[in-house]
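Position 61 of the sequence shown, counting from 1, maps to 61 under the numbering used here, and the rest follow consecutively. For reference, the structure is listed below as structure tokens.
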Amino acid sequence: MRPANEALIVIDMQNDFCPGGALAVAEGDAIVPGINALMEEFRAVVLTQDWHPADHLSFASQHAGAAPMTMTTMPYGPQVLWPDHCVQNSPGAAFHPDLRTDADLIIRKGFRREIDSYSAFFENDHETPTGLHGYLSERGITAITLVGLATDFCVNYSALDGARLGYAVTVIERLSRGIDLDGSLDAARRDMAGAGVTLG
């Protein structure tokens with residue numbers, strides 16, 4: 001069992017990010033058994049869940065003539081326009097059916113229409129908190145291990161924010177999978193390593 005000051009954070013293991021989903025990550029479902037097993041080692045386990053309204057502004061469908069996976073600019077900066085995914089209360093937003101969900105906390109993110117939220121800690125303006133930092137601080141957590149989907153987006157942003165907040169951060173790559181949009185996976189690895197994140 002890991003020390004009480006360490007937490008496992010499982011990022012967005014939802015149907016829409018797994019094969020057959022609206023924004024599928026290749027082999028996204030293959031990591032579920034390993035994640036379930038890893039949960040046994042931690043006293044604190046947190047799950048995150050993308051939780052978008054149907055008219056979320058990160059969806060390409062909300063921008064006339066825009067194609068999914070293209071870029072736009074939001075008030076908070078560059079934004080990928082995604083296919084509609086993880087719409088609140090839809091089957092796609094549900095956790096993968098084989099994932100253990102007996103976690104201590106579930107953080108829902110991306111529920112504000114005007115702003116996307118990759119990180120488990122902050123929305124994409126890097127200012128609006130999700131509440132995770134407060135929860136971990138209250139529990140005396142100082143080290144976090146991240147797994148899940150996708151390595152180069154939500155896992156990456158969560159790792160960078162965690163490091164910026166002073167946590168000792170580890171990302172287990174064998175229990176994560178990436179989208180790799182125009183080289184985003186290599187860029188994410190460089191950014192995480194540069195921020196002091198341990199890539200395990």
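All residues carry an ideal CB built from backbone N, CA and C; glycine is no exception. Treat the numbers as computed from the prediction; the structure is a model and nothing was measured.
Judged by DSSP in its simplified three-state form, residue 42 adopts coil rather than helix or strand. Residue 80 sits away from residue 74, with the two beta carbons spaced by 8 Å or more. Between the alpha carbons of residue 5 and residue 55 lies a gap of roughly 39 Å. The count of Cβ pairs closer than 8 Å, one atom from the stretch 15-30 and one from the stretch 157-165, stays below three, leaving the stretches out of contact.
A distance below 6 Å between beta-carbons, with the five flanking residues on each side excluded, links residue 157 to the following residues of its chain, in chain order: 118, 119. In this structure residue 25 does not touch residue 189 by the C-beta definition: roughly 16 Å separates them, more than the 8 Å allowed. DSSP places residue 77 inside the beta strand (DSSP E), whose first and last residues are 77-81. Per the coordinates, the alpha-carbon of residue 179 lies some 25 Å from the alpha-carbon of residue 127. DSSP assignment within the stretch 110-198 yields the following whole alpha helix (DSSP H) runs of 4 residues or more, N-terminal first: 132-138, 156-164, 184-194. If you draw a 10 Å sphere on the C-beta of residue 92, you find 16 or more other C-beta atoms in it, and that means buried. By the criterion of a C-beta distance shorter than 7 Å, residue 58 is surrounded in its chain by 79, 81, 82, 116, once the five residues flanking it on both sides are discounted. Sequence-distant partners of residue 187 (beyond 5 residues in either direction) whose C-beta falls short of 8 Å from its own C-beta, in its chain, are 152. Residue 69 has no beta-bridge partner at all, per DSSP. If you look at residue 23, you'll find it isn't in any beta strand (DSSP E); DSSP assigns it neither H nor E.
Within the same chain, 60, 81, 82, 83 come within 7 Å of residue 68 by CB-CB distance, once the 5 residues on both sides are set aside. Counting along the chain, the unbroken beta strand (DSSP E) around residue 8 starts and ends at 6-11.
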